[in-house]
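Only one structure is covered here, and it is reproduced in the block below.
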Amino acid sequence: MSPLMLLLIAVAGVALLLLGVIKFKMPAFIVLLLVSMLVALAAGIPIQEVAGLVTEGMGGTLGSVAVLVGLGAMLGKVIEISGGAQVLSTRFTALFGPRRVIAALTTAAFLLAIPVFFDVGFIVLVPIIYGFAKALGVSPVKIGLPVGAIMLAIHVVVPPHPGVVGGAEILGADIGWATILGLAFCAPLGVLSYFVAKRINRREIPMLPETAEQFESFGASGTGTALAKTKAPTSSMVISMILLPIVMIMLGTVGGSLVAAESTAANILGFVGSPAVALLVTVLVSYYLLGVRSGWTSEQTGKVMDSALAPAAIVILVTGAGGVFGKVLTESGIGTVLAQSLAAAGLPIIVMAFILAAILRASQGSATVAIITTTGLLAAAVEAGDFSTVQTVLILVAVGFGAFGLSHVNDSGFWIVTRFLGLSVADGLRTWTVLTTVLGVAGFALTAITYAIITAAGV
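According to the numbering used here, the residues represented by the sequence shown are 3 to 461, in order.
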């Protein structure tokens with residue numbers, strides 16, 4: 003089959019995917035599987051091999067994704083229900099002072115977003131945003147915009163979030179380095195988020211009537227979301243639970259590079275720094291410290307953690323189906339053709355990674371689907387490019403930042419932020435969409451500069 007025909011099949015497949023998700027509002031999981039099969043057949047893959055290819059693509063992606071997303075969801079849930087998010091925000095506000103409440107909550111949101119999915123994390127912080135907004139006599143949007151933006155930044159580039167984990171599996175990128183570089187890039191974005199949001203909020207933005215009514219009736223004493231407990235978690239305890247898996251993963255990644263390969267020390271560090279082991283250890287520690295030791299029974303703690311798995315299952319399945327689509331694109335030769343086309347166009351792969359992800363993000367809304375689909379399209383090019391470990395991770399991060407911006411009406415996160423902050427669609431586009439896009443471009447600029455330096459240094 004000619005390269006042009008394969009590219010047309012790929013374009014038609016992506017268009018059909020977007021049509022099913024956007025126009026007909028079909029579940030992304032079903033559409034991804036259906037389009038994957040149709041693309042496989044259209045590209046000439048024998049019909050008897052299609053079902054096996056679907057299973058292989060699903061299993062290959064979920065081998066690590068399911069474990070990380072499941073454990074990450076459980077950790078996030080116990081932090082949420084234990085009242086850890088509220089304790090963390092209160093502590094940071096006390097440290098920064100009442101005049102720096104927005105900076106304090108943005109900092110707290112940065113840490114909270116590492117183990118907690120964006121949608122859940124923002125909803126958890128909404129009562130705290132309302133409480134402090136009332137105390138300061140300002141609109142919730144002045145506090146909520148930078149908080150939501152930095153949480154979304156973490157969500158698209160820092161493991162254990164599903165998009166970056168699934169993308170890493172497809173590209174063969176190192177999770178440890180993805181964690182280190184993702185956090186390193188998101189830190190300055192948190193500062194930028196604060197100042198850009200401050201500029202956007204120079205004018206007073208009217209709240210929607212229904213949100214204004216809810217906000218006016220909100221009492222500062224109603225910020226608690228925790229179950230009845232005999233002992234609330236301390237801020238240091240919550241921070242420890244967030245940092246523990248990060249430290250373990252970094253220890254395995256950095257420490258492993260300092261000892262002899264295949265040595266006992268390297269094997270032990272590799273085991274300790276494995277993301278699955280790091281998250282499992284953290285979940286077990288949080289089970290005791292945030293649950294049992296703080297007043298819940300073992301049964302209550304188990305039920306809290308189990309309740310995180312149902313919503314996580316949807317994310318896991320969509321991620322797996324995105325892996326199937328990527329597998330089909332690779333096996334059909336479409337990925338190779340795309341890689342050749344990129345080379346002919348003269349665009350660096352890191353630029354194309356950002357552009358493709360941004361287009362898919364704007365078209366269908368889901369950052370996770372955009373990341374998984376883009377990495378599937380780029381997998382063959384990355385494999386053929388003989389990139390270093392750090393370069394591969396930077397390509398993955400560029401994809402993540404491409405999926406960061408252009409959040410608008412087809413994104414569930416857009417509606418969560420705008421509804422809770424009382425923004426109309428027009429005001430949401432002028433504020434939230436602009437803020438995410440500015441930060442996405444800024445994040446990519448940091449990534450591209452680092453990539454150029456790494457490439458020049460031959461690392």
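A virtual CB, placed ideally from N, CA and C, is assigned to each residue, including glycine.
Starting from the Cα of residue i, find the closest Cα among the options and give me that residue.
i: residue 454; options: 347, 207, 8, 396; result: 396
i: residue 114; options: 162, 69, 135, 132; result: 162
i: residue 319; options: 26, 56, 46, 5; result: 56
i: residue 317; options: 290, 285, 374, 294; result: 374
i: residue 296; options: 3, 236, 215, 209; result: 236
i: residue 248; options: 266, 268, 285; result: 285
i: residue 88; options: 43, 123, 25, 48; result: 123
i: residue 204; options: 196, 369, 30; result: 196
i: residue 425; options: 264, 458, 142; result: 142
i: residue 138; options: 280, 347, 102; result: 102
i: residue 215; options: 423, 447, 3, 4; result: 423
i: residue 84; options: 252, 288, 112; result: 288
i: residue 277; options: 170, 386, 389, 5; result: 170
i: residue 310; options: 119, 22, 25, 99; result: 119
i: residue 194; options: 127, 260, 108, 265; result: 108
i: residue 312; options: 260, 72, 458, 121; result: 72
i: residue 282; options: 246, 265, 301, 269; result: 246
i: residue 200; options: 22, 140, 176; result: 140
i: residue 175; options: 460, 427, 389, 439; result: 389
I'd like the span of the alpha helix (DSSP H) that includes residue i, first residue to last.
i: residue 195; result: 177-202
i: residue 388; result: Premise fails: residue 388 is in no alpha helix (DSSP H) and is neither H nor E.
i: residue 25; result: Premise fails: residue 25 is in no alpha helix (DSSP H) and is neither H nor E.
i: residue 466; result: The requested residue 466 is not part of the displayed model; the chain covers only 3 to 461.
i: residue 417; result: 414-423
i: residue 427; result: 427-430
i: residue 280; result: 277-288
i: residue 446; result: 436-459
i: residue 332; result: 311-333
i: residue 519; result: Because the chain here runs from 3 to 461, residue 519 falls outside it and cannot be looked at.
i: residue 273; result: 266-274
i: residue 164; result: 164-173
i: residue 307; result: 300-308
Do residue i and residue j have their C-beta atoms closer together than 9 angstroms?
i: residue 433; j: residue 207; result: yes
i: residue 62; j: residue 329; result: yes
i: residue 351; j: residue 392; result: no
i: residue 358; j: residue 376; result: yes
i: residue 173; j: residue 381; result: yes
i: residue 19; j: residue 37; result: yes
i: residue 90; j: residue 68; result: no
i: residue 135; j: residue 144; result: yes
i: residue 167; j: residue 70; result: yes
i: residue 399; j: residue 86; result: no
i: residue 336; j: residue 33; result: no
i: residue 148; j: residue 244; result: no
i: residue 334; j: residue 8; result: yes
i: residue 80; j: residue 299; result: no
i: residue 250; j: residue 274; result: yes
i: residue 202; j: residue 441; result: no
i: residue 271; j: residue 257; result: yes
i: residue 401; j: residue 356; result: yes
i: residue 12; j: residue 240; result: no
i: residue 314; j: residue 74; result: yes
i: residue 44; j: residue 14; result: yes
i: residue 187; j: residue 452; result: yes
i: residue 146; j: residue 254; result: no
i: residue 435; j: residue 416; result: yes
i: residue 421; j: residue 213; result: yes
i: residue 159; j: residue 180; result: yes
i: residue 409; j: residue 121; result: no
i: residue 189; j: residue 112; result: yes
How close, in whole Å, do the beta carbons of residue i and residue j come, if the pair is a contact with beta carbons under 8 angstroms?
i: residue 324; j: residue 378; result: 7 angstroms
i: residue 445; j: residue 191; result: 6 angstroms
i: residue 418; j: residue 152; result: Residue 418 to residue 152, Cβ: 15 angstroms. No contact.
i: residue 326; j: residue 59; result: 4 angstroms
i: residue 105; j: residue 368; result: Between residue 368 and residue 105 the Cβ distance is about 30 angstroms, and since that is not below 8 angstroms, they are no contact.
i: residue 407; j: residue 443; result: 7 angstroms
i: residue 252; j: residue 182; result: 6 angstroms
Report whether the distance from the Cβ of residue i to the nearest heavy atom of the ligand ZN is below 8 angstroms.
i: residue 351; result: What this structure holds is no ligand at all, so the ligand ZN is not there to describe.
**Item:** Ranges of the alpha helix (DSSP H) found wholly within the stretch 73-159, counting only runs of at least 4
**Value:** Runs of the alpha helix (DSSP H) inside the stretch 73-159: 86-98, 103-114, 120-138, 142-159.
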